[in-house]
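For reference, each letter of the sequence shown is one residue, going 54 to 422 in the working numbering.
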Amino acid sequence: MQTIELDFCAFTISSDELVRVVEPSSFVGLFDPEDPRTRDAEPYDAWVYVGEIDRHCIRVPTEFKQPLCNAINMLPRGERFKPHPDSMLLSCLDASWADSPESGSSWHSDRITAQQLVEALHSAACPRLRVSTSGDDEPALPLPQPERLVERDTVWIFRTKILTRGITALRAAPGGAAHTFPGFGALGEGFGIVDIPLPSRTDGIYQVRVGQTFLRGIPYVGALPDQTWDDDKVKDVFEQTSHNFSEWFNHIEMWWPACALSGAAVEVFVRAESVESARQAIAASGLLNWHGLVQGRVTGCPLETRTFSRYAYLWHMGRANGLAHDAWESMETFDKAEATRILSRLFEAISYIVPLQSHPSGPKLFVGV
54 MQTIELDFCA
64 FTISSDELVR
74 VVEPSSFVGL
84 FDPEDPRTRD
94 AEPYDAWVYV
104 GEIDRHCIRV
114 PTEFKQPLCN
124 AINMLPRGER
134 FKPHPDSMLL
144 SCLDASWADS
154 PESGSSWHSD
164 RITAQQLVEA
174 LHSAACPRLR
184 VSTSGDDEPA
194 LPLPQPERLV
204 ERDTVWIFRT
214 KILTRGITAL
224 RAAPGGAAHT
234 FPGFGALGEG
244 FGIVDIPLPS
254 RTDGIYQVRV
264 GQTFLRGIPY
274 VGALPDQTWD
284 DDKVKDVFEQ
294 TSHNFSEWFN
304 HIEMWWPACA
314 LSGAAVEVFV
324 RAESVESARQ
334 AIAASGLLNW
344 HGLVQGRVTG
354 CPLETRTFSR
364 YAYLWHMGRA
374 NGLAHDAWES
384 METFDKAEAT
394 RILSRLFEAI
404 SYIVPLQSHP
414 SGPKLFVGV
């Protein structure tokens with residue numbers, strides 16, 4: 054029997070509801086996640102990340118970022134904290150936070166309680182927030198009853214692995230609704246991940262993503278450098294990318310046999326009030342039939358596939374990293390534009406380019422290993 058696992062869940066609740074979902078004394082970590090990407094639906098994919106509670110991410114509408122920062126900044130002195138250096142809050146908090154003494158209690162420097170967050174949300178006049186979790190078979194936090202949700206917009210993403218011969222890359226037929234995100238550089242030859250939007254379905258399923266089985270194992274690096282980054286930042290990104298690449302390369306070479314890399318991953322995006330109804334919709338959809346999916350019988354979007362071996366993947370990655378290092382070392386004086394081009398080629402060659410948002414409107418974030 055084909056195994057399908059819950060990989061993502063997101064729901065919207067009122068600010069008051071947070072302390073009914075979690076204990077009011079639960080800590081909210083006010084620091085940026087290691088991987089800020091979200092697979093949530095519009096418009097929540099653009100909401101501002103606030104923090105994490107019990108492995109669940111909290112986001113608020115963009116217009117409430119500054120008011121919420123101001124509200125947290127106004128917490129009584131005994132409840133002050135030092136925000137984490139990577140926190141999105143750091144840029145708009147009062148500078149006195151960095152120098153303020155911590156209270157005499159055993160206070161953690163980069164977190165507040167759920168109750169304090171709710172109070173800050175009230176002060177900021179923020180009526181609702183988005184809660185999401187990734188990578189769990191079931192959400193750790195209890196999902197509120199439908200009548201307690203602000204919107205009937207709970208999103209579930211399920212994932213299953215399809216056995217194929219070799220690492221499988223895909224490409225959508227030109228001119229259709231599906232969008233291809235090329236990966237693997239010259240090795241992929243335009244093949245990579247495919248997003249298939251399904252807006253007209255009535256069962257809640259609104260998108261299918263087909264890609265590789267191992268992409269979740271690749272460490273997050275960060276956005277492709279742009280004109281707003283200073284020279285030192287570009288250097289840091291290159292060094293971090295190269296380091297993460299080496300770690301990933303060695304991990305595959307030592308621990309991942311060909312069977313672990315082979316195959317394809319199918320992700321199904323569903324709007325449903327419960328996990329049971331989401332599973333039922335997927336089971337009845339026919340989207341997990343690999344041959345039918347590739348032929349486009351259910352989606353109307355036929356796919357082309359290309360497979361390559363573990364050996365070819367390792368050789369390609371090693372060559373890409375070597376060429377990037379050679380190009381980097383050949384710069385007699387640092388040139389930001391050239392450094393950005395080197396990083397772009399490295400990101401694209403060792404894969405992967407992943408859409409930041411769940412809808413196939415184009416790549417939002419370039420991610421390397």
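Glycine included, each C-beta is placed from N, C-alpha and C at the ideal position.
Buried versus exposed call for residue i [16 or more other C-beta atoms within 10 Å across all chains shown]
| i | result |
| --- | --- |
| Cys-312 | exposed |
| Met-370 | buried |
| Ser-156 | For Ser-156, the predicted structure reports a pLDDT of 35, less than 50, and the residue's modelled location is therefore unreliable. The matter cannot be settled from this model. |
| Leu-143 | With a pLDDT of only 45 at Leu-143, under the threshold of 50, the placement of this residue in the model should not be trusted; the figure read from the coordinates follows. It is buried - the Cβ of Leu-143 has at least 16 other Cβ atoms within 10 Å. |
| Tyr-366 | buried |
| Trp-368 | exposed |
| His-232 | buried |
| Arg-205 | exposed |
| Trp-308 | exposed |
| Ser-158 | In this prediction, Ser-158 has a pLDDT of 32, which is less than 50 and means its spatial position is unreliable; nothing more can be read from the coordinates. |
| Ser-327 | exposed |
| Asp-248 | buried |
| Gly-236 | buried |
| Thr-386 | exposed |
| Asp-379 | exposed |
| Phe-64 | buried |
Inter-residue CB distance, residue i and residue j (contact presumed, cutoff 8 Å)
| i | j | result |
| --- | --- | --- |
| Ile-106 | Val-75 | 6 Å |
| Ser-187 | Asp-60 | 7 Å |
| Pro-250 | Cys-179 | About 30 Å; that fails the 8 Å criterion. |
| Gly-238 | Ala-402 | 3 Å |
| Thr-213 | Thr-56 | 6 Å |
| Ser-330 | Val-351 | Not quite, the Cβ-Cβ distance comes to about 19 Å (not below 8 Å), so this is no contact. |
| Glu-58 | Phe-211 | 7 Å |
| Leu-396 | Phe-291 | 6 Å |
| His-304 | Val-184 | The Cβ separation is near 32 Å, so there is no contact. |
Own chain residues within Cβ distance below 6 Å of residue i, not counting five before or after
| i | result |
| --- | --- |
| Ser-78 | Thr-166 |
| Leu-170 | Val-81 |
| Gly-316 | Lys-214, Ile-215, Leu-216, Thr-217, Thr-266 |
| Ala-177 | Phe-117, Pro-120, Leu-121, Ala-124 |
| Ala-377 | Ile-395, Leu-399 |
| Leu-314 | Ile-220, Phe-267, Arg-363 |
Sequence-distant residues of its chain with Cβ nearer than 8 Å to residue i (five each side left out)
| i | result |
| --- | --- |
| Thr-115 | Ala-99, Trp-100, Val-101 |
| Ser-362 | Gly-219, Ile-220, Ala-311 |
| Pro-154 | Any reading at Pro-154 must be qualified, since the residue scores a pLDDT of 41, below 50, and its modelled position is unreliable; the value itself is stated next. So no residue of the chain qualifies. |
| Asn-374 | Ser-295, Phe-298, Ser-299, Phe-302, Leu-399, Ile-403 |
| Arg-359 | Thr-221, Ala-222, Leu-223, Arg-224, Gly-241, Glu-242, Phe-244 |
| Gly-345 | Gly-339, Val-351 |
| Tyr-259 | Ala-94, Pro-250, Leu-251, Pro-252, Phe-322, Val-323, Arg-324 |
| Trp-381 | Phe-291, Ala-392, Ile-395 |
Residues of its chain near residue i, where Cβ-Cβ distance is below 7 Å and the 5 sequence neighbours each way are ignored
| i | result |
| --- | --- |
| Trp-343 | Ile-215 |
| Glu-391 | Met-384 |
| Thr-281 | Confidence in Thr-281 is poor, its pLDDT being 45 and thus under 50, which makes the residue's placement too unreliable to answer from. |
| Val-113 | Trp-100, Val-101, Val-103, Leu-121, Cys-179, Leu-182 |
| Ser-68 | Val-171, Leu-174, His-175, Cys-179, Pro-180, Arg-181, Leu-182 |
| Gln-348 | Pro-355 |
| Ala-325 | Thr-207, Trp-209, Gly-257, Ala-331, Ala-334 |
Selection from the options that minimises the alpha carbon distance to residue i
| i | options | result |
| --- | --- | --- |
| Ile-111 | Ile-125, Pro-235, Ile-66 | Ile-66 |
| Glu-320 | Val-261, Ile-335, Val-328 | Val-261 |
| Ser-253 | Phe-244, Ala-230, Ile-395 | Ala-230 |
| Val-323 | Phe-291, Val-208, Ser-176 | Val-208 |
| Thr-255 | Phe-234, Leu-314, Ile-335 | Ile-335 |
| Glu-306 | Asp-289, Lys-288, Tyr-364 | Tyr-364 |
| Val-287 | Lys-389, Glu-357, Arg-332 | Lys-389 |
| Leu-356 | Pro-227, Glu-172, Pro-96 | Pro-227 |
| Leu-202 | Ile-395, Ile-246, Glu-70 | Glu-70 |
| Arg-332 | Gly-257, Arg-164, Arg-92, Gln-168 | Gly-257 |
| Asp-289 | Arg-372, Thr-393, Ala-325 | Thr-393 |
| Ala-318 | Met-127, Cys-354, Ile-246, Tyr-259 | Ile-246 |
| Asp-83 | Arg-372, Arg-164, Leu-314, Leu-128 | At residue 83 the sequence reads Leu, which differs from the Asp that was named. Taking only the C-alpha atoms, the option nearest Leu-83 is Arg-164. |
What ranges does the alpha helix (DSSP H) occupy inside the stretch 293-369, keeping only unbroken runs of at least 4 residues that lie completely in it? You should have 311-314, 328-338, 343-348.
Those runs of the beta strand (DSSP E) which lie wholly inside the stretch 55-81 and span at least 3 residues: Segments of the beta strand (DSSP E) lying fully in the stretch 55-81: 58-67.
Alpha helix (DSSP H) segments (min. 4 residues) lying fully within the stretch 370-401: Listed in chain order, there is nothing to give.
Which residue spans inside the stretch 209-252 form an unbroken alpha helix (DSSP H) run of at least 4? Entirely contained in the stretch 209-252, the alpha helix (DSSP H) runs reaching 4 residues are, in chain order, 238-241.
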